[in-house]
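All residue numbers for the sequence shown refer to the numbering used here, where the first residue is 30 and numbers rise by one.
We put the CB at the ideal spot given by N, CA and C, even for glycine.
Quick notes on the structure that follows.
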Amino acid sequence: MGYKTSWLAVPGAGSRAVADALGLVGRVPMDWDSGTEAAYKRGVFVASPVEGWTLAHGRIHLDNGRDGDGPAMLDWLGALGRRLGDLQYFSTDRIGDYHAWARVEAGRVVRAYCYHGCVGDVPMRFGEPTEIEHRLGVGERWLEEGRQNWSEDEWDDWHAAMPDEQHVMAIARNWGILPLEIPDGAPVDDGIYGFPPGAE
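Laid out in structure tokens, this is it:
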């Protein structure tokens with residue numbers, strides 16, 4: 030779980046609470062390997078807690094079509110925050126050059142950023158870049174005014190400041206947990222697999 034998918038990381042919540050906040054229907058229990066594989070194809074898998082975090086991932090259905098729509102994503106994240114309190118969201122797809130991250134604290138979105146390279150846009154930018162973003166040199170730029178007059182060198186500088194999947198992984202690690210680094214066998218209990226409303 031990590032590359033070419035979207036996931037939530039929720040501290041201190043159980044898998045049922047996260048599944049309820051996502052409104053998952055058609056729920057079935059699945060272990061980590063089966064649930065992760067299934068959610069790469071369709072649906073959403075909410076793993077049992079590991080290291081104090083509950084992870085939910087779905088390559089297609091986690092954000093249920095809101096990707097690339099900044100206002101819709103912010104509304105969705107805010108609604109989840111009102112149910113869960115604190116959470117983090119990450120998404121990355123190197124083929125589509127789509128990379129996003131967001132942080133919700135005490136029910137409020139405090140930081141959100143998304144770069145969609147295929148269309149050359151930054152459709153979501155909210156809050157101030159965090160320390161790790163400054164350190165990596167990403168999340169600091171958007172389609173600023175005056176870009177119509179940028180030189181080729183200025184456009185090169187802009188593209189160089191855009192994130193890739195490794196930046197998303199580094200931010201996830203710094204903020205709390207990187208799914209790729211969870212040891213095999215760590216989630217010992219079954220998680221919950223299902224679909225958000227309207228996505229079955």
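N- and C-terminal bounds of the beta strand (DSSP E) containing residue i
i, result
"Pro40", "34-40"
"Met26", "Residue 26 lies beyond the residue range present for the chain, which begins at 30 and ends at 229; the question has no answer from this structure."
"Glu134", "127-134"
"Arg164", "Where Arg164 is concerned, there is no enclosing beta strand (DSSP E), although the alpha helix (DSSP H) it sits in stretches over 160-165."
"Gly232", "Because residue 232 is not part of the residues shown, which for the chain are 30 to 229, the question remains open."
"Ala85", "82-86"
"Gly153", "The question names Gly, but residue 153 in the sequence shown is Met. That run of the beta strand (DSSP E) goes 150-155."
"Val271", "The question about residue 271 has no answer, for the chain in this structure spans 30 to 229."
"Asp122", "116-122"
"Val79", "Segment: none, Val79 is in no beta strand (DSSP E) and carries neither H nor E."
"Val139", "137-145"
Endpoints, alpha helix (DSSP H) assigned at residue i
i, result
"Leu51", "44-51"
"Leu113", "99-113"
"Asp62", "61-70"
C-alpha distance - residue i paired with residue j, whole-angstrom precision
i, j, result
"Trp36", "His128", "12 Å"
"Pro226", "Glu183", "44 Å"
"Pro152", "Ala108", "19 Å"
"Ile161", "Trp82", "20 Å"
"Gly156", "Ala141", "7 Å"
"Pro100", "Pro192", "20 Å"
"Leu106", "Val139", "10 Å"
"Ile124", "Asp186", "22 Å"
"Ile194", "Pro212", "With the sequence shown as reference, residue 194 is identified as Glu, and Ile is not the correct amino acid for it. Straight-line Cα distance between these residues: approximately 21 Å."
"Asp104", "Glu134", "14 Å"
"Gln177", "Gly136", "38 Å"
"Tyr12", "Arg154", "In the structure displayed, the chain extends from 30 to 229; residue 12 sits before or after that span and is not available."
"Cys143", "Glu80", "27 Å"
"His86", "Ser180", "40 Å"
"His196", "Ala190", "11 Å"
Residue i vs residue j beta-carbon contact at 8 Å
i, j, result
"Arg88", "Tyr118", "no"
"Ala48", "Gly205", "no"
"Leu165", "Ala199", "yes"
"Gly110", "Pro78", "no"
"Val54", "Phe224", "yes"
"Val75", "Gly220", "yes"
"Asp27", "Met102", "Outside the shown range of the chain, which is 30 to 229, sits residue 27, and nothing can be said about it."
Pick from the options that is closest to residue i, judged by C-alpha positions
i, options, result
"Tyr222", "Pro192, Leu51, Pro40", "Leu51"
"Leu209", "His163, Leu53, Leu84, Val139", "Leu84"
"Thr65", "Val138, Val54, His90", "His90"
"Ser120", "Thr34, Ala46, Leu106", "Thr34"
"Leu113", "Ala190, Gly168, Gly41", "Gly41"
"Pro158", "Arg45, Gly149, Gly168", "Gly168"
"His163", "Asn203, Arg45, Gly31, Gly149", "Asn203"
"Asp218", "Arg71, Asp62, His86, Asp126", "Asp62"
"Gly214", "Arg45, Asp60, His145", "Asp60"
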